[in-house]
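I have placed the structure first, in the form of C-alpha coordinates, so that the comments after it can refer back to it.
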Amino acid sequence: MRTLESVTADLRALGDEKYRPFNERIANIRPGSSIGVRMPQLRTYAKALVREERFSLQELFLFPNDVYEIRLLKALCVGYCKFDFAERIAWIPRVIEVMDSWAVCDAFCSTLRIPMGEKRNFLQDIEYYVRQKTEFSQRFAYVFMRVNYVEAEYLPFIASALDCAEVRFYYTHMGAAWLLSEVLVRYFDRGVEYLRVGALADATKNKAIQKACESYRLTAEQKNFLKLLKKG
1068 MRTLESVTAD
1078 LRALGDEKYR
1088 PFNERIANIR
1098 PGSSIGVRMP
1108 QLRTYAKALV
1118 REERFSLQEL
1128 FLFPNDVYEI
1138 RLLKALCVGY
1148 CKFDFAERIA
1158 WIPRVIEVMD
1168 SWAVCDAFCS
1178 TLRIPMGEKR
1188 NFLQDIEYYV
1198 RQKTEFSQRF
1208 AYVFMRVNYV
1218 EAEYLPFIAS
1228 ALDCAEVRFY
1238 YTHMGAAWLL
1248 SEVLVRYFDR
1258 GVEYLRVGAL
1268 ADATKNKAIQ
1278 KACESYRLTA
1288 EQKNFLKLLK
1298 KG
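Numbering (the numbering used here), first residue to last: 1068 to 1299.
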(Lines of atoms letter the chains of each structure in order from A and count residues from 1; the text may use other names and numbers.)
(Lines give C-alpha, C1' and ligand atoms only; values in the text may rest on other atoms or scores of the structure.)
Protein backbone atom coordinates (compact mmCIF):
# COMPACT_ATOMS: atom_id res chain seq x y z
CA MET A 1 0.00 0.00 0.00
CA ARG A 2 1.20 3.52 -0.78
CA THR A 3 2.26 5.65 2.14
CA LEU A 4 0.29 8.69 3.23
CA GLU A 5 3.09 10.85 1.90
CA SER A 6 2.95 9.17 -1.52
CA VAL A 7 -0.83 9.48 -1.84
CA THR A 8 -0.78 13.09 -0.63
CA ALA A 9 1.93 13.93 -3.18
CA ASP A 10 -0.21 12.42 -5.94
CA LEU A 11 -3.20 14.46 -4.83
CA ARG A 12 -1.19 17.67 -4.64
CA ALA A 13 -0.07 17.07 -8.22
CA LEU A 14 -3.76 16.93 -9.19
CA GLY A 15 -4.78 19.92 -7.07
CA ASP A 16 -5.93 23.28 -8.39
CA GLU A 17 -5.21 26.14 -5.99
CA LYS A 18 -7.71 28.42 -7.72
CA TYR A 19 -10.46 25.80 -7.35
CA ARG A 20 -9.62 24.91 -3.72
CA PRO A 21 -11.18 27.89 -1.85
CA PHE A 22 -14.29 27.80 -4.03
CA ASN A 23 -14.82 24.11 -3.36
CA GLU A 24 -14.22 24.54 0.37
CA ARG A 25 -17.08 27.04 0.48
CA ILE A 26 -19.38 24.74 -1.54
CA ALA A 27 -18.54 21.67 0.53
CA ASN A 28 -18.75 23.75 3.74
CA ILE A 29 -15.44 22.54 5.11
CA ARG A 30 -12.74 24.37 7.06
CA PRO A 31 -10.70 26.78 4.90
CA GLY A 32 -7.27 25.36 4.12
CA SER A 33 -8.27 21.75 4.89
CA SER A 34 -8.31 20.57 1.27
CA ILE A 35 -5.97 20.27 -1.70
CA GLY A 36 -8.35 21.32 -4.46
CA VAL A 37 -8.71 18.13 -6.51
CA ARG A 38 -11.78 18.14 -8.72
CA MET A 39 -14.15 15.21 -8.29
CA PRO A 40 -13.68 13.62 -11.76
CA GLN A 41 -9.92 13.53 -11.22
CA LEU A 42 -10.33 12.13 -7.70
CA ARG A 43 -12.62 9.39 -9.00
CA THR A 44 -10.09 8.46 -11.66
CA TYR A 45 -7.34 8.35 -9.04
CA ALA A 46 -9.43 6.19 -6.68
CA LYS A 47 -10.20 3.69 -9.45
CA ALA A 48 -6.51 3.42 -10.29
CA LEU A 49 -5.50 3.14 -6.63
CA VAL A 50 -7.75 0.15 -5.86
CA ARG A 51 -6.33 -1.69 -8.89
CA GLU A 52 -2.77 -1.49 -7.56
CA GLU A 53 -1.42 -4.87 -6.48
CA ARG A 54 -0.43 -3.79 -2.98
CA PHE A 55 -3.55 -1.69 -2.29
CA SER A 56 -5.09 -2.20 1.15
CA LEU A 57 -8.36 -0.61 2.20
CA GLN A 58 -7.50 -1.35 5.82
CA GLU A 59 -4.28 0.65 5.52
CA LEU A 60 -5.98 3.49 3.66
CA PHE A 61 -8.44 3.87 6.54
CA LEU A 62 -5.50 4.28 8.93
CA PHE A 63 -4.58 7.54 7.18
CA PRO A 64 -5.52 10.68 9.18
CA ASN A 65 -8.77 12.40 8.20
CA ASP A 66 -7.60 16.00 8.37
CA VAL A 67 -7.45 16.41 4.57
CA TYR A 68 -10.79 16.54 2.74
CA GLU A 69 -9.60 14.58 -0.29
CA ILE A 70 -8.36 11.74 1.93
CA ARG A 71 -11.82 11.42 3.45
CA LEU A 72 -13.34 11.43 -0.02
CA LEU A 73 -10.79 8.90 -1.23
CA LYS A 74 -11.74 6.48 1.53
CA ALA A 75 -15.42 6.72 0.58
CA LEU A 76 -14.73 6.31 -3.14
CA CYS A 77 -12.39 3.35 -2.70
CA VAL A 78 -15.02 1.44 -0.71
CA GLY A 79 -17.32 1.92 -3.68
CA TYR A 80 -14.71 0.91 -6.27
CA CYS A 81 -13.08 -2.10 -4.58
CA LYS A 82 -13.93 -5.49 -6.09
CA PHE A 83 -15.96 -6.80 -3.16
CA ASP A 84 -19.03 -8.93 -2.93
CA PHE A 85 -21.94 -6.90 -1.61
CA ALA A 86 -21.84 -8.32 1.93
CA GLU A 87 -18.20 -7.28 2.33
CA ARG A 88 -18.85 -3.84 0.85
CA ILE A 89 -21.72 -2.99 3.18
CA ALA A 90 -19.57 -3.98 6.16
CA TRP A 91 -17.47 -0.89 5.37
CA ILE A 92 -20.39 1.55 5.45
CA PRO A 93 -20.04 2.37 9.20
CA ARG A 94 -16.36 3.13 8.65
CA VAL A 95 -17.24 5.59 5.88
CA ILE A 96 -19.98 7.24 7.94
CA GLU A 97 -17.39 7.84 10.67
CA VAL A 98 -15.31 10.04 8.31
CA MET A 99 -18.28 12.01 6.94
CA ASP A 100 -18.26 15.64 7.97
CA SER A 101 -19.87 17.26 4.94
CA TRP A 102 -22.63 16.61 2.44
CA ALA A 103 -19.98 16.14 -0.25
CA VAL A 104 -18.35 13.04 1.28
CA CYS A 105 -21.74 11.53 2.05
CA ASP A 106 -23.26 12.16 -1.37
CA ALA A 107 -20.16 11.07 -3.30
CA PHE A 108 -20.26 7.80 -1.38
CA CYS A 109 -23.97 7.28 -2.05
CA SER A 110 -23.51 7.86 -5.77
CA THR A 111 -20.60 5.41 -5.90
CA LEU A 112 -22.01 2.61 -3.73
CA ARG A 113 -23.93 0.28 -6.02
CA ILE A 114 -26.53 -2.19 -4.81
CA PRO A 115 -27.35 -5.32 -6.85
CA MET A 116 -31.01 -5.57 -7.81
CA GLY A 117 -31.33 -8.85 -5.93
CA GLU A 118 -30.11 -7.24 -2.69
CA LYS A 119 -32.35 -4.16 -2.60
CA ARG A 120 -35.04 -5.59 -0.37
CA ASN A 121 -32.52 -7.31 1.89
CA PHE A 122 -30.67 -4.02 2.41
CA LEU A 123 -33.75 -2.30 3.84
CA GLN A 124 -32.93 -3.55 7.33
CA ASP A 125 -29.52 -1.89 7.07
CA ILE A 126 -31.09 1.39 5.93
CA GLU A 127 -33.50 1.22 8.84
CA TYR A 128 -30.56 0.69 11.18
CA TYR A 129 -28.84 3.86 9.93
CA VAL A 130 -32.08 5.84 10.25
CA ARG A 131 -32.62 4.58 13.79
CA GLN A 132 -29.11 5.63 14.82
CA LYS A 133 -30.46 9.19 14.61
CA THR A 134 -27.07 10.78 14.01
CA GLU A 135 -26.67 13.48 11.39
CA PHE A 136 -24.64 11.53 8.86
CA SER A 137 -26.11 8.08 9.48
CA GLN A 138 -29.48 9.57 8.54
CA ARG A 139 -28.06 11.72 5.74
CA PHE A 140 -26.52 8.55 4.28
CA ALA A 141 -29.82 6.66 4.54
CA TYR A 142 -31.93 9.39 2.93
CA VAL A 143 -29.54 10.17 0.08
CA PHE A 144 -28.98 6.47 -0.61
CA MET A 145 -32.74 5.95 -0.77
CA ARG A 146 -33.10 8.89 -3.13
CA VAL A 147 -30.53 7.33 -5.45
CA ASN A 148 -31.79 3.74 -5.26
CA TYR A 149 -35.26 3.38 -3.74
CA VAL A 150 -37.73 5.92 -5.10
CA GLU A 151 -40.00 3.25 -6.55
CA ALA A 152 -43.65 2.50 -5.83
CA GLU A 153 -42.98 -0.62 -3.76
CA TYR A 154 -40.63 1.22 -1.40
CA LEU A 155 -42.74 4.34 -0.78
CA PRO A 156 -44.22 3.06 2.51
CA PHE A 157 -40.71 2.33 3.78
CA ILE A 158 -39.52 5.79 2.72
CA ALA A 159 -42.46 7.40 4.51
CA SER A 160 -41.65 5.51 7.70
CA ALA A 161 -37.98 6.51 7.45
CA LEU A 162 -38.84 10.17 6.89
CA ASP A 163 -41.03 10.14 10.00
CA CYS A 164 -37.86 9.45 12.03
CA ALA A 165 -35.77 12.31 10.63
CA GLU A 166 -33.82 14.28 13.25
CA VAL A 167 -34.17 17.52 11.34
CA ARG A 168 -32.50 19.60 14.03
CA PHE A 169 -29.38 18.47 12.16
CA TYR A 170 -28.96 20.56 9.01
CA TYR A 171 -27.66 17.76 6.78
CA THR A 172 -30.42 15.42 7.94
CA HIS A 173 -32.98 18.13 7.21
CA MET A 174 -31.62 18.66 3.69
CA GLY A 175 -31.24 14.96 2.95
CA ALA A 176 -34.81 14.24 4.01
CA ALA A 177 -36.12 17.19 1.99
CA TRP A 178 -34.22 16.04 -1.08
CA LEU A 179 -35.64 12.52 -0.75
CA LEU A 180 -39.20 13.77 -0.32
CA SER A 181 -38.84 16.15 -3.27
CA GLU A 182 -37.88 13.19 -5.47
CA VAL A 183 -40.97 11.31 -4.29
CA LEU A 184 -43.08 14.34 -5.22
CA VAL A 185 -41.53 14.49 -8.67
CA ARG A 186 -41.88 10.78 -9.44
CA TYR A 187 -45.05 9.93 -7.50
CA PHE A 188 -46.82 13.23 -7.10
CA ASP A 189 -50.05 12.01 -5.48
CA ARG A 190 -48.21 9.79 -3.00
CA GLY A 191 -45.86 12.62 -2.16
CA VAL A 192 -48.77 15.00 -1.56
CA GLU A 193 -50.36 12.39 0.70
CA TYR A 194 -47.17 12.33 2.77
CA LEU A 195 -47.09 16.12 2.96
CA ARG A 196 -50.56 15.99 4.48
CA VAL A 197 -50.16 13.15 7.00
CA GLY A 198 -46.44 12.44 7.42
CA ALA A 199 -44.66 13.24 10.70
CA LEU A 200 -41.74 15.07 9.08
CA ALA A 201 -41.28 18.62 10.39
CA ASP A 202 -43.09 21.37 8.47
CA ALA A 203 -39.84 23.22 7.70
CA THR A 204 -38.43 20.12 6.01
CA LYS A 205 -41.67 19.53 4.10
CA ASN A 206 -41.49 23.15 2.94
CA LYS A 207 -37.91 22.63 1.75
CA ALA A 208 -39.02 19.51 -0.15
CA ILE A 209 -41.77 21.54 -1.83
CA GLN A 210 -39.23 24.20 -2.78
CA LYS A 211 -36.86 21.63 -4.29
CA ALA A 212 -39.69 19.85 -6.14
CA CYS A 213 -40.84 23.15 -7.60
CA GLU A 214 -37.35 23.67 -9.00
CA SER A 215 -37.74 20.52 -11.10
CA TYR A 216 -38.68 20.71 -14.77
CA ARG A 217 -40.49 17.36 -14.35
CA LEU A 218 -43.51 18.92 -12.62
CA THR A 219 -46.14 20.99 -14.41
CA ALA A 220 -46.89 24.58 -13.50
CA GLU A 221 -50.23 23.41 -12.13
CA GLN A 222 -48.56 20.86 -9.86
CA LYS A 223 -46.06 23.44 -8.61
CA ASN A 224 -48.81 25.95 -7.82
CA PHE A 225 -50.70 23.26 -5.92
CA LEU A 226 -47.64 22.36 -3.88
CA LYS A 227 -47.05 25.97 -2.92
CA LEU A 228 -50.52 26.03 -1.37
CA LEU A 229 -49.45 23.19 0.94
CA LYS A 230 -46.55 25.12 2.48
CA LYS A 231 -46.88 25.77 6.19
CA GLY A 232 -45.98 28.98 7.97
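Even glycine gets a Cβ: it sits at the ideal position worked out from N, Cα and C.
Between E1185 and the set D1173, R1198 and E1154, the nearest pair of CA atoms involves E1154. With fewer than 16 other Cβ atoms from the protein chains shown falling within 10 Å of its own Cβ, Y1195 counts as exposed. In this structure, D1173 places its C-beta atom within 8 Å of the C-beta atom of V1210. Straight-line measurement puts the Cα of W1169 at about 24 Å from the Cα of G1258.
Annotated three-state conformation of V1104 is coil, per DSSP. Secondary structure at P1088: helix, using DSSP grouped into helix, strand and coil. By the 16-neighbour rule on beta-carbons within 10 angstroms, R1198 is exposed. DSSP places T1201 in the coil class of the three-state scheme, outside both helix and strand. Straight-line spacing of the CA atoms in R1253 and N1215 works out to 13 Å.
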